[in-house]
Amino acid sequence: WSSVTLCASCDEFTDKTCKRNPGSCVARYPDFACQTKEIYALRYTGEYVFRYAILGCPKRCAEYTRVTNWDKTVFSCCHEGYCNSKSPVNLTPSKSSY
């Protein structure tokens with residue numbers, strides 16, 4: 004048996020504390036992958052700026068990018084740990100970190 008994969012996301016950390024948009028879910032059969040949806044706003048200068056991310060654990064995970072006249076949405080898959088993190092990747096989700 005493989006262990007259950009817990010995925011977490013956070014848009015902004017202060018030290019090891021998530022300050023904005025925390026999310027977590029358990030990866031599901033058959034893909035056992037979690038999916039992040041990152042939203043970027045288009046500035047008048049033509050560059051994209053990160054706004055926020057949403058974490059989900061669908062049965063099937065797909066990676067793709069959708070671009071409109073106003074924003075860009077990036078869907079990506081991950082299999083463990085923090086799926087969207089503006090912090091060092093060595094942080095692991097833990098309920099005992101309070």
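The sequence shown maps to residues 4 to 101 in the working numbering.
Ideal Cβ positions, reconstructed from N, Cα and C, are used throughout, including at glycine.
Apart from the five residues on each side of it in sequence, which residues of its chain come closer than 6 Å, Cβ to Cβ, to residue i?
i, result
"D14", "R23, N24, Y55, A56"
"E41", "A56, V77"
Which one or two residues does DSSP pair with residue i in a beta bridge?
i, result
"G26", "S12"
"C81", "C37"
"R69", "T76"
"T48", "Answer by DSSP bridge pairing: none, since T48 is not bridged."
Does the beta-carbon of residue i have 16 or more other beta-carbons within 10 angstroms, so that it is buried, or is it exposed?
i, result
"N87", "buried"
"E2", "No statement about residue 2 is possible, as the shown extent of the chain runs from 4 to 101 and does not include it."
Take residue i and list the residues in its own chain whose beta-carbon comes closer than 8 Å to its own, dropping the five residues that flank it on each side.
i, result
"P33", "K62, R63"
"Y43", "Y51, V52, F53, R54, D74, K75, T76, V77"
Suppose you measure from the CA of residue i to the CA of residue j; what does that come to, to the nearest Å?
i, j, result
"C81", "Q38", "6 Å"
"E83", "T68", "21 Å"
"V7", "G59", "15 Å"
"S79", "A65", "7 Å"
If you drop the 5 nearest sequence neighbours on each side, which residues of the same chain put their C-beta closer than 7 Å to that of residue i?
i, result
"T71", "none"
Could you spell out where the beta strand (DSSP E) holding residue i opens and where it closes?
i, result
"V52", "51-59"
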